[in-house]
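Scroll down for the structure; my scribbles are underneath it.
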Amino acid sequence: MKNKAQASVEYMVTLAISLLIFGAILFVAIGMITESGSQLGVDSAFKAVEEIKEAADFIYVHGHPSKIKINVHIPSNIENISIAGNLIKMSISTGQSYTDIYDIAKGNITADDAIDFMCSGGVCRGGTYVLNVESLETGYDVNITRG
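In the numbering used here, the protein residues as written are 1 to 147.
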C-alpha cells in the first residue's frame, strides 16, 4: 500500500512541475503575441505616414494640375491623425503608452476633409481609406481629400 501512495505522490509532483513549465511557456507566449500585435500597428502606421508623404511630395514636385489616388491602411489602435503644414503625424496606442509617428513633406498639405472622415468626433477608426492627393492652383500646396 505504501508503494502505491508513493507512486501517486510522484505522479502528482511530476504533474505539478509539468503544469508550472507549461504555465511559464504560456505566459511568455502571450507576452510575445501582445508585443507583436503592437509592433504590427506601429509598422502599419509608419507605412501609412510614408505613403501619404510620398504621394504629397510627388504632387508637390509635379505641380498643378497633378492628382493621384492612394490606398492607405490605418491601424485600429490609432488615437490621433494630424496633417498640418508639411507635418504628417499619427499617434498610436502601444499598450500603456502612445507612440508618435511622423514625417515631413516638401510642401504645405491641407487634409481637413480626410482627417474629419477618418477621425470623426475625436474617435479614429482603423481601416483602408482611398485618398485623393491633388495640387492646388497655387502650385505649391497639396490638398488631400477622401476618395
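Each residue gets a CB set at the ideal place from its N, CA and C atoms; glycine is no exception.
On a predicted model such as this, the values are computed, not experimentally measured, just so you know.
Would you verify that the beta carbon of residue 80 is, or is not, closer than 8 Å to some beta carbon of chain D? The structure shown contains no chain D; it holds only a single protein chain.
Could you check which residue in 52, 135, 86 and 46 has the C-alpha nearest to that of residue 75? Numbered from 1 along the sequence shown, position 75 holds the residue referred to as residue 75. Comparing Cα positions, the closest option is 46.
In whole angstroms, what is the alpha-carbon distance linking residue 132 and residue 117? As a position in the sequence shown, residue 132 is number 132, starting the count at 1. As a position in the sequence shown, residue 117 is number 117, starting the count at 1. The straight-line gap from Cα to Cα measures roughly 13 Å.
Is residue 109 closer than 8 Å to residue 86 when the C-beta atoms are compared? By one-based count along the sequence shown, residue 86 stands at place 86. By one-based count along the sequence shown, residue 109 stands at place 109. Taking 8 Å as the Cβ cut-off, residue 86 and residue 109 qualify as a contacting pair.
Using 8 Å as the threshold, is the C-beta distance between residue 147 and residue 92 below it? Taking the first residue of the sequence shown as position 1, residue 147 is located at position 147. Taking the first residue of the sequence shown as position 1, residue 92 is located at position 92. It is not a contact, given that the beta carbons lie outside the stated cut-off.
Do residue 59 and residue 134 have their beta-carbon atoms positioned less than 8 Å apart in this structure? Here residue 134 corresponds to residue number 134 of the sequence shown, with the count starting at 1. Here residue 59 corresponds to residue number 59 of the sequence shown, with the count starting at 1. Yes, the pair counts as a contact, with Cβ atoms nearer than the cut-off.
Go through its chain and collect everything with a Cβ distance to residue 123's Cβ below 8 Å, but skip five positions before and after it. Taking the first residue of the sequence shown as position 1, residue 123 is located at position 123. The answer is none, since no qualifying residue turns up.
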